[in-house]
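Residue numbers (UniProt numbering): 1 to 356.
See structure below.
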């Protein structure tokens, strides 16, 4: 235990519960429906009506094209419709030419501007703060052996994001399971561009931003302690260790971003998203058959309108020697693979509460 417990390290948590059998039967082949889809369907309908009434020539051609447009933007296969898969393929091919993917360190490939600071407060407590982009993240680790009420922890994350003193850009609960051992990590992300007063009130420049980030994390630790969950705010070295453990690659190694999997350091990794969020705690604590590492991530982040959005991502890791990458059948919950987007899934399932 480090001095980062800051007076809120007491608490034990609840005893582990026996796994509950859960069966999901929802298989949405159309939902969710976005505003862009509705706009496309309306345009196709208008074009069809104009063709039928003789305003547009080639009635048959226009009608057939309209039907194809509706079908290609409605029926989903593996979580995406045909138009979505086409865009995913184009994006995937373009990203293959990104020179930043040639970095030797997998962490730098996923977050090329990653930086790590050791912040020391006035009492001498040391806290690790990771910077990616224009934001800073601190990571809280729940005590070993603690099996929290996941739903309660998620409520605490929502309350922390809406704290008027230090509004957060995002927060994340990450559950990492490896060979039966489970680790709970909570990440808190602050961006001065979204809440500048919180940093200005604590100093100028980077120092104020680091103080605001750690202060928000300590406040969340206090809330966790009141709920009965002891925790530790990680120092820089501990944070680096947890990042490597969650990534599944201990040493710098070449990275290969394939369509069906992402690999680095002798691992084959694949990301998945659930078909339904009926029971988020079950999703986050799921384990996969044959996987050396299973990571479940629930992330809260603000959209362009400042509203909190939720995102659930699962990642499976297999080590060298396996004949195939992780697949959906390895999990007992209904998921769809993130083909062509596995690198983004690995990034989202790091304990940094990063935007998608």
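Backbone N, C-alpha and C fix where the C-beta goes; we use that ideal spot for every residue, glycine too.
Just so it is clear, the structure is predicted and the values come from calculations on it, not from any experiment.
Label residue 348 either buried or exposed according to how many other C-beta atoms from any shown protein chain fall within 10 Å of its C-beta, with 16 as the threshold for buried.
buried
At the level of alpha carbons, what is the spacing between residue 259 and residue 124?
47 Å
Which residue spans inside the segment 235 to 307 form an unbroken beta strand (DSSP E) run of at least 3?
255 to 257, 262 to 264, 267 to 274, 293 to 302
Ignore the nearest five residues each way along the sequence and tell me which others in residue 177's own chain have a CB closer than 6 Å to its CB.
287, 294
Once the 5 residues before and after residue 152 are set aside, which same chain residues still bring their CB inside 7 Å of it?
227
Residue 163 to residue 170 span [Cα, whole Å]:
12 Å
What three-state label does DSSP hand residue 130 in the structure shown?
strand
In chain order, what residues of the same chain have a beta carbon less than 8 Å from the beta carbon of residue 280, not counting five sequence neighbours either side?
150, 151, 154, 298, 312
To the nearest angstrom, report how far apart residue 203 and residue 291 are at their CA atoms.
46 Å
Which residues in the same chain as residue 337 place their Cβ atom closer than 7 Å to its Cβ, once the five residues preceding and following it in sequence are excluded?
78, 270, 272, 328
With burial defined as no fewer than 16 other Cβ atoms inside 10 Å of the residue's Cβ, what is the status of residue 106: buried or exposed?
buried
Sheet register partners of residue 172 (DSSP bridge):
187, 299
So what does residue 319 bridge to, in DSSP terms?
267
Inter-residue Cα distance where the pair is residue 352 and residue 65:
45 Å
Quick one: residues in its chain with C-beta nearer than 6 Å to the C-beta of residue 3, no 5 flanking neighbours on either side, listed in chain order?
Bear in mind that a pLDDT of 41 at residue 3, under 50, signals an unreliable position, so the number given afterwards is only what the model happens to contain. These residues qualify, in order along the chain: 125.
To the nearest angstrom, report how far apart residue 282 and residue 140 are at their CA atoms.
21 Å
For residue 349, the residue or residues it bridges with in DSSP
DSSP lists no partner for residue 349.
What separation, rounded to the nearest whole angstrom, lies between the Cα atoms of residue 350 and residue 187?
9 Å
Between which two residues does the beta strand (DSSP E) containing residue 337 stretch?
335 to 337
Give every residue of the same chain whose Cβ lies closer than 7 Å to the Cβ of residue 217, excluding the five residues on either side of it in the sequence, and list them in chain order.
138, 140, 188, 233
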